[in-house]
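Some notes on the structure that comes next.
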Amino acid sequence: MAALLGEVTKRLPDRWLVGTLLPGLLWLAVLAIAVRQGHAHPFDPGAVTGTAKAIGTLVRDRPTEALAWGGFAIGAAMLTSLAARGLGGAVRSLWWGRWRGPLAWPARLLTRLRAYRVRRGLKRDGTRLPERYLPALPTWIGDRLRLVDVRVDAQYGLVLALVWPRLWHRLDADTRVVVAQARGRLDLAATLVGWGLLYLVPVWFWWPASVIAVGVGLVGWRRGRVAAEVFGGAVESTVDLGHLGLAEALGHDVASGLTPRIADAVNDQLHKGATPQQVPATADDTTA
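Counting with the UniProt record's numbering, you get residues 1 to 288 for the letters of the sequence shown.
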């Protein structure tokens with residue numbers, strides 16, 4: 001039995017093992033402990049040791065049955081991981097600031113509060129910022145990604161949503177990997193918050209699981225902020241270093257730099273006759 005499990009583990013892709021199977025199995029283990037422990041005796045080690053002994057006896061005496069239960073556990077772990085990714089997608093949408101329906105009113109309130117705090121800080125420091133650089137979304141991450149579009153437009157007069165797909169095809173493999181990894185870290189952080197939400201389920205049976213849920217959620221939130229900063233910087237840096245080459249590849253003379261006239265011509269060329277209002281310009285839609 002042990003040899004079979006070892007052989008199966010060797011053949012599993014490391015990324016799938018670490019990113020999907022192990023987190024799911026860990027969640028199932030916490031759920032099992034929560035059900036066995038309960039609220040009455042939350043720190044009784046007897047339930048855990050008893051379960052471990054029962055599993056050991058099952059593997060030793062009835063390996064076929066143990067293998068079947070192992071298969072069920074792997075399937076449940078995969079479904080749990082899919083649920084965490086689904087919750088991570090919802091978290092990511094909230095991070096982007098796309099609050100619709102019942103969340104529209106809290107979004108407006110939070111946006112105004114964030115803008116007020118920034119204005120108050122600027123007034124205290126005696127500085128000013130253009131209006132479009134002030135918070136316009138309810139979340140810090142959403143505004144950080146939005147500022148990539150704003151800065152590219154302010155500096156070069158280019159629409160990021162139009163420029164990025166063409167610029168992506170001109171990037172070398174190393175630069176693509178850097179940008180893709182930065183975006184991947186942002187997605188993983190959102191999924192980690194999804195895991196934190198899933199760990200609220202064992203809290204129903206075992207209150208110490210709330211510590212795990214809060215800890216995992218906070219780590220994911222913190223990583224999300226860092227990842228958004230890195231991803232936004234990666235996209236912005238790529239545009240800084242590649243916009244002239246793209247304009248030249250499109251047939252424009254940029255020997256004296258990217259003038260407003262050339263920038264307008266590039267936007268018009270990439271719009272292909274569309275009006276600017278018809279093209280969304282959001283950095284969070286930039287996919288690697």
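Glycine is no exception: its CB is placed at the ideal position from the N, C-alpha and C atoms. Treat the numbers as computed from the prediction; the structure is a model and nothing was measured.
Report buried or exposed for residue i, applying the criterion of at least 16 other Cβ atoms within 10 angstroms of its Cβ.
| i | result |
| --- | --- |
| V226 | exposed |
| V91 | buried |
| W164 | buried |
| Y199 | buried |
| L258 | buried |
| S237 | exposed |
| L21 | buried |
When DSSP labels each residue in this structure, what does residue i get in the three-state scheme?
| i | result |
| --- | --- |
| V150 | helix |
| H169 | helix |
| V211 | helix |
| L129 | coil |
| F205 | coil |
| V159 | coil |
| R92 | helix |
| A40 | coil |
| G196 | helix |
| T139 | coil |
| G6 | Unreliable positioning characterises G6 in this predicted model, as indicated by a pLDDT of 45, which lies under 50. The coordinate reading is nonetheless provided below. Three-state DSSP puts G6 in a helix. |
| W164 | helix |
| T20 | helix |
| L134 | coil |
Which two residues bound the contiguous alpha helix (DSSP H) that contains residue i?
| i | result |
| --- | --- |
| S256 | Unbroken run through S256: none, as it is neither H nor E. |
| P260 | P260 to H271 |
| T111 | A104 to D125 |
Quick one, which of the options has its alpha-carbon nearest residue i's?
| i | options | result |
| --- | --- | --- |
| G89 | L186, H39 and G71 | L186 |
| G70 | L25, H39, P106 and L250 | L25 |
| G224 | F72, L79, S81 and W96 | W96 |
| P202 | W27, V178 and L67 | W27 |
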